[in-house]
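Working notes, structure below.
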Amino acid sequence: MEVIVCEDAIAVGAHAAAYAVRIAKDVGPEVVLGVATGSSPLSTFEHIAQAVARGDVDLRHARAFALDEYVGIPYDHPLSYHDTIRRTVTEPFKLDPANVHVPDGNAQDLRHAGELYEAMIHDAGGIDVQFLGVGGNGHIGFNEPTSSLASRTRVKTLTVQTRRDNARFFAEGEQVPKHCVTQGLGTILEARHIVLVASGSGKAHAIRQLVEGPVTAMCPGSVLQLHPDVRVIVDVEAASELQLRDYYTDVQANLPSWQQLPTH
Ligand code: F6R
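In our numbering, the protein residues as written are 1 to 264.
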């Protein structure tokens, strides 16, 4: 796991975007992106959109798979992940909407919808670069604590903490859905490259557990320790509980110049 500590959330986004753009260019026009929702990846996505607008990278033939979706929320509800991905990824990256996929939280048969989603990722050749945020409780995707470390795309019940955290996006009186369809931890681990971003002190404990704690279903993100190519890009606040934070910063400062990426 490569831990990169940046000054602030904007630098986190710039760094993550530069890394992803480099992978997209290496892979070629049909790169397969794994995209997340929530506030964490927004700065990254804005920086990628700027790279697209400048002509640094062409994503018109790229494909994208979202991590998760709420169950029972209309596709065009502004807080559905279908609509969120359209606004934050499909349009700004200039992707072809036909190539962008989000799990179907309105399917009659949700179990089958999960299996279909797995098959679609497989048929696309797997995910080249997976963007992740992390929940305050260590979830990635919506794999809540005690999720199987080998899980596949399926229905999960959201924890009270996650529903409370996400209530900030919903209008007063509107209920945060109780269930979701999410890629599993086993699904996420199959991505070729993973970039997890986090900022703010609210993520410090989860980042500590994820990077330095034991691999445990109680902190689902800790399963990333088993993946050979993960970048954890955090700001100083999210890094504040890391026991080895001086070491990570040193490693970064001493990287040979060809490995360094702009952080702003
Ligand atoms: C979103 C997702 C979640 C979020 C996590 C952090 O698709 O899968 O794991 O990344 O809940 O959310 P924010 O970034 O809003 O703090």
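All C-beta atoms, glycine included, are put in the ideal place defined by N, C-alpha and C.
Item	Value
Say yes only if the C-beta of Val5 is nearer than 8 Å to one or more non-hydrogen atoms of the ligand F6R, and no if none qualify.	no
From the DSSP output, which residues share a beta bridge with Leu196?	Leu132 and Val232
Extract the residue ranges of the alpha helix (DSSP H) inside the region 13–81, only unbroken runs of 4 or more that lie entirely within it.	42–54
Roughly how many whole angstroms lie between the Cα atoms of Val211 and Thr249?	14 Å
State the Cα-Cα distance for the pair Leu33 and Gln130, rounded to the nearest angstrom.	6 Å
Check whether the region 158–169 and the region 194–201 touch, using three or more Cβ-Cβ pairs below 8 Å as the test.	no
Is any non-hydrogen atom of the ligand F6R found closer than 8 Å to the C-beta of His193, if you look at the structure I gave you?	no
When the Cα atoms are used, what is the spatial distance from Cys180 to Ala253?	40 Å
Do you know offhand how far Thr263's Cα is from Gln108's?	In this prediction, Thr263 has a pLDDT of 49, which is less than 50 and means its spatial position is unreliable; what the coordinates show is noted afterwards. Those two C-alpha atoms are separated by around 45 Å.
Enumerate in chain order the residues of its own chain whose CB-to-CB distance from Gln225 is below 7 Å, with the five nearest sequence positions on each side excluded.	Met1 and Val215
Measuring from the CB of Thr37, is there a heavy atom of the ligand F6R at a distance below 8 Å?	yes
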